[in-house]
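Notes for the one structure printed next.
This is the structure in structure tokens:
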């Protein structure tokens, strides 16, 4: 019994059990999809490897939109962990310096801030922060 000779790609069975050859369009589509999948997996692994060893670093953004309620000034802020590792117990402090008035301070504590995560909060003051010098910074954090 002689078997037919197929050049490079042997036929595969279809749903009825018969063998059919793959078309060039099917092979091109398969290769393109495989390359895209491999590229995505490679990018994810690269990002994971480069960011997992970066220590926590923080960026604090203070909003210009101060809200006044019941004679108190609410100053919204957002903190972002720009590092790769997790930070716990992140302490954010704010100090308002107005000439001729006692300094006001505020403190927030963020329990958990993973890499590239952003959380928001507000500081509350009795004097208008736009009339003085407001300094918001990260004072401390702990590693898990």
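Numbering (the working numbering), first residue to last: 1 to 144. Heads up, the beta-carbon is just placed ideally off N, CA and C, and yes, glycines get one too.
Counting beta carbon pairs with one atom in the stretch 104 to 114 and one in the stretch 18 to 31, are three or more of them shorter than 8 Å?
no
Note the first and the last residue of the continuous beta strand (DSSP E) segment covering residue 109.
104 to 113
Proximity winner among 89, 144, 95, relative to residue 137 (alpha-carbon distances)
95
Can you tell me which of 128, 44, 119, 48 puts its alpha carbon nearest to the alpha carbon of residue 84?
48
Within its chain, find whatever has a CB closer than 8 Å to the CB of residue 89; leave out the 5 residues flanking it on each side and keep chain order.
109, 110, 111, 140, 141, 142
Neighbourhood of residue 135 by C-beta, 6 Å cutoff - its chain only, sequence neighbours within 5 removed
95
Three or more C-beta pairs under 8 Å: does that hold for the stretch 35 to 44 against the stretch 63 to 72?
no
Helix, strand or coil, according to DSSP, for residue 143 in the structure here?
coil
Report the rounded CA-to-CA distance for residue 126 versus residue 56, giving the unit in angstroms.
32 Å
Residue 93 versus 62, 40, 113, residue with shortest Cα-Cα distance
62
Using the beta-carbon count (16 or more within 10 Å), is residue 101 buried or exposed?
exposed
Could you round the C-beta distance between residue 79 and residue 144 to whole angstroms and report it? I think they count as a contact, below 8 Å.
Not really, about 17 Å apart at Cβ, beyond 8 Å.
Can you grab the Cα-Cα spacing for the pair residue 118 / residue 60, in whole Å?
9 Å
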